[in-house]
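Q:
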Amino acid sequence: MDTGRNRRRNSPRPLLDNTVASPCIGVCWLNDETGLCEGCLRSGDEIRDWMIMTREQKLQLLQLLEQRSRSELS
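Counted the way numbering that gives the first Met the number 0 counts, the sequence shown spans residues 0 to 73.
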């Protein structure tokens, strides 16, 4: 009997991209007002999804983090 569990285990796993370093700096605290981490400026969802993002998605997020950082400074 083939259960959904067996199908999931037998399906190919997507390759995880490890070529882009995480922006985490070890200051992990989500600001209640902004919903962003005080250290890396990512949202909880962005932190959670980092490992499964493609290289392109990670690079786009890094650009967004640069914009957030500049806004914080102004």
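Each residue gets a CB set at the ideal place from its N, CA and C atoms; glycine is no exception.
Could you spell out where the alpha helix (DSSP H) holding Glu45 opens and where it closes?
A: Within the sequence shown, the letter at position 46 stands for residue 45. From DSSP, the alpha helix (DSSP H) with Glu45 extends over 43-48.
Q: Mind the definition here: the region 37-48 touches the region 12-20 only if three or more C-beta pairs lie below 8 Å; say whether that holds.
A: Of all C-beta pairs linking the region 37-48 to the region 12-20, fewer than three are shorter than 8 Å, placing the two stretches out of contact.
Q: Compute the Euclidean distance between the alpha carbons of Gln66 and Ala20, then round it to the nearest angstrom.
A: In the sequence shown, the residue the question calls residue 66 occupies position 67. In the sequence shown, the residue the question calls residue 20 occupies position 21. One C-alpha to the other measures close to 18 Å.
Q: Would you mind stating whether Pro22 and Leu72 have Cβ atoms separated by less than 8 Å?
A: Counted from its first residue, the sequence shown places residue 22 at position 23. Counted from its first residue, the sequence shown places residue 72 at position 73. Result no, Cβ atoms of Pro22 and Leu72 do not sit closer than 8 Å.
Q: Go through its chain and collect everything with a Cβ distance to Ile46's Cβ below 7 Å, but skip five positions before and after it.
A: Mapped onto the sequence shown, residue 46 falls at position 47. Cys36, listed in sequence order.
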